[in-house]
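Participant: Counted from 1, the sequence shown has number 202 at position 203 by numbering that gives the first Met the number 0; the numbering is strictly sequential.
Every residue gets a Cβ at the ideal spot worked out from N, C-alpha and C, and that includes glycine.
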Amino acid sequence: MNKKLTIMLATLFAMLIIAVPSFAEDDGYIFRLKKDTVMLFSENENVSRIGGDAYYAKSLEDIYKFTSEDYIESVIPNFKLELYDIDYPTVTSDTKYNDQWNHSAILASVAREKGLSGKGVKIGIIDSGVDTSHPDIDSSKILKGYNCIEDDPDEYNTTDIYGHGTNVCGIISAITDNESHLAGIAPNASIVPLKVTNGSSLSAASLFGGIYMAIEYDCDIINMSLGGNLTDEYLIAELKYWIDMASDAGIIIIAAGGNEDSTAISYPAGFDNVIGVASVKKDLSHSKYSQRNESIFISAPGHSVTTLEIGDTTSSEIGTSIATPHITAIVALIKEVLPDATLSDVKDILKSSSTDLGDEGYDTTFGYGLISIEKVVEHLKPHLPEVVISDGIKDGFARIHIHNNGSEIKNTFGYFREKNASSGDGVFYCLNKDIAPDSVTTFSPNRIFSEFLWWDENMKPLIKKYIIQ
């Protein structure tokens, strides 16, 4: 081996290994090439590409065989991080919505009443995969993901065999109103499963690969219910490189604040361009395990929260891992209405949509407090369609005026049911045109049809019931 390169790599190894007690030499290494380095590369059993200019190597010797020191930007051990779950499952066979205290705590029903569902928003879940066979997961909403685990040749196998990723997905996007199991907060969001582990820990190489693929798949949001209490500046800097890459691509990143009942900072939650999440219990007190430090931006339910489990089941889970997808789902609601919202915009909305807990104002235990979807919707209200209806009677017909005060509503149709009819049968009445902002649409159904429902093209009920007197 080139003597100079040998000394350089050995020195890096000596400096870093002290700070990574969970690292073993057979975990391998991550190295990045300098910008504008052109390499002709084909993967082999010892070196594989993570993404961009980063590679995973099984040994220092393999790095030397791959390239020379002149082209190397950085070398770090393939250190470990943890999924922030706690082994406290209680599995049931058919838990219903009423068991979801977390929804009532954050007033999740307000989003449903306004027809908000995360539609059109793409969420990358960097975790253990997703169980798409679960009856409460809409497989059509699960997009092609990627298996980022090094040494796993099945690159598109994102099936969850551990359960953590399915727990996270259930909180975000469990099918709503199907009389089965649970309700998700953003059930129409698109999910990109980015599998980085089959267990409770994950390697830095797989995490970096997951971040890279989230960018490649053009995700709007990344959920990271994981982290590590890193203290070494080299490891923190390398993780920041990847987080910055995603943030610079316009992705909103939400991460768990950590479960170690300490004031240690967990990364990636500790970065300024990541929204760090703390956990609260049903009585809205602080979850004892939830870490307390300046990385905490906001709080969400994370203790004894019922969510989906692999197989046709649910489980009660605890941890900042579980609090995090609540915020991810709410950010999806924001991005649904405001697709161009930046990290700063999202933080402003979350900050002003929280209910203060603990010390007055910001504190390192709860951040800005418990998120309230009702307050989020209030912020979004100027951008939501708002329909005002009035009617009058003329020649036996009710004349209904629909005034749209919000954004354009497309492909509308209405539903009428006969007055005093006991059955649910009705007649569809199509308006046959879009309703532009600040416009009035008038039509005259026969007065015997008294109950009126109206949807837009996304099946969002703009008016749940209007009774013609």
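1. Run through DSSP, which three-state label would residue 255 get?
2. What are the start and end residues of the alpha helix (DSSP H) that includes residue 65?
3. For residue 312, which residues does DSSP report across the bridge?
4. How should residue 152 be labelled, buried or exposed, when 16 other C-beta atoms within 10 angstroms of its C-beta is the threshold for buried?
5. Kindly indicate the opening and closing residues of the beta strand (DSSP E) around residue 192.
6. Helix, strand or coil for residue 248? Go by DSSP, reduced to three states.
7. Assuming residue 294 contacts residue 261 (C-beta within less than 8 Å), just tell me the rounded distance between them.
8. Output the residue ranges of the beta strand (DSSP E) runs that lie fully inside the stretch 162 to 231 and measure 3 residues or longer, sorted by chain position.
9. Since residue 48 is in the alpha helix (DSSP H), which residue starts that stretch and which ends it?
10. Measuring alpha carbon to alpha carbon, tell me which of 255, 112, 354 ends up nearest residue 80.
11. State whether the stretch 102 to 114 contacts the stretch 191 to 207, with contact taken as three or more CB pairs (one from each stretch) at a distance under 8 Å.
12. Could you check whether residue 224 and residue 302 sit closer than 9 Å to each other, using their CB atoms as the reference points?
13. Take residue 104 as the anchor and find which of 75, 145, 236, 300 has the nearest alpha-carbon.
14. What does the alpha-carbon distance come out to for the pair residue 212 and residue 243?
15. Suppose contacts are defined by Cβ-Cβ distances below 9 Å. Is residue 209 in contact with residue 147 by that definition?
16. In three-state terms, what does DSSP make of residue 379?
17. Tell me which same chain residues have a C-beta within less than 6 Å of the C-beta of residue 187, skipping the five on either side of it?
18. Starting from residue 276, follow the beta strand (DSSP E) in both directions and report where the run begins and ends.
19. Assuming contact is defined by CB atoms lying nearer than 9 Å, are residue 273 and residue 356 in contact in what I supplied?
20. Which class does residue 129 belong to by DSSP, given the choice of helix, strand or coil?
21. When the Cβ atoms of the stretch 68 to 78 are set against those of the stretch 233 to 253, are three or more pairs found closer than 8 Å?
22. Between the alpha carbons of residue 46 and residue 69, how many angstroms are there, rounded?
23. Tell me, to the nearest whole angstrom, how far the beta carbon of residue 174 is from that of residue 136; I am working on the premise that it is less than 8 Å.
24. So, is residue 155 buried or exposed, given that buried needs 16 or more other C-beta atoms within 10 angstroms?
25. Do you know whose CA, among 169, 48, 140, 372, lies nearest residue 182's CA?
26. Do residue 550 and residue 220 have their C-beta atoms within less than 9 Å of each other?
27. Rounded to a whole number of angstroms, what is the C-alpha to C-alpha distance between residue 328 and residue 44?
28. Between the Cα of residue 61 and the Cα atoms of 50, 34, 29, which residue gives the shortest distance?
29. Pick helix, strand or coil for residue 302, following the three-state DSSP scheme.
30. What three-state label does DSSP hand residue 31 in the structure shown?
31. With distance defined between alpha-carbon atoms, name the residue in 48, 371, 347, 258 nearest to residue 320.
32. Specify the secondary structure class of residue 154 as computed by DSSP and reduced to three states.
33. Quick check: is any heavy atom of the ligand MG less than 8 Å from the C-beta of residue 320?
34. Bridge partners of residue 123, per DSSP?
35. Beta-carbon separation of residue 149 and residue 27 under 9 Å?
36. Going by DSSP, which residues form a beta bridge with residue 285?
Facilitator: With the given structure in hand:
1. strand
2. 59 to 65
3. 308
4. exposed
5. 189 to 194
6. coil
7. Not a contact, Cβ separation roughly 12 Å.
8. 189 to 194, 200 to 202, 220 to 223
9. Taken as a continuous stretch (DSSP letters only), residue 48 belongs to no alpha helix (DSSP H), being part of the beta strand (DSSP E) at 46 to 50.
10. 255
11. no
12. no
13. 300
14. 14 Å
15. yes
16. helix
17. 116, 117, 118
18. 274 to 279
19. no
20. strand
21. yes
22. 18 Å
23. 7 Å
24. exposed
25. 169
26. No statement about residue 550 is possible, as the shown extent of the chain runs from 0 to 468 and does not include it.
27. 39 Å
28. 29
29. coil
30. strand
31. 258
32. coil
33. You won't find the ligand MG in this model; it holds no ligand whatsoever.
34. 191, 221
35. yes
36. 279
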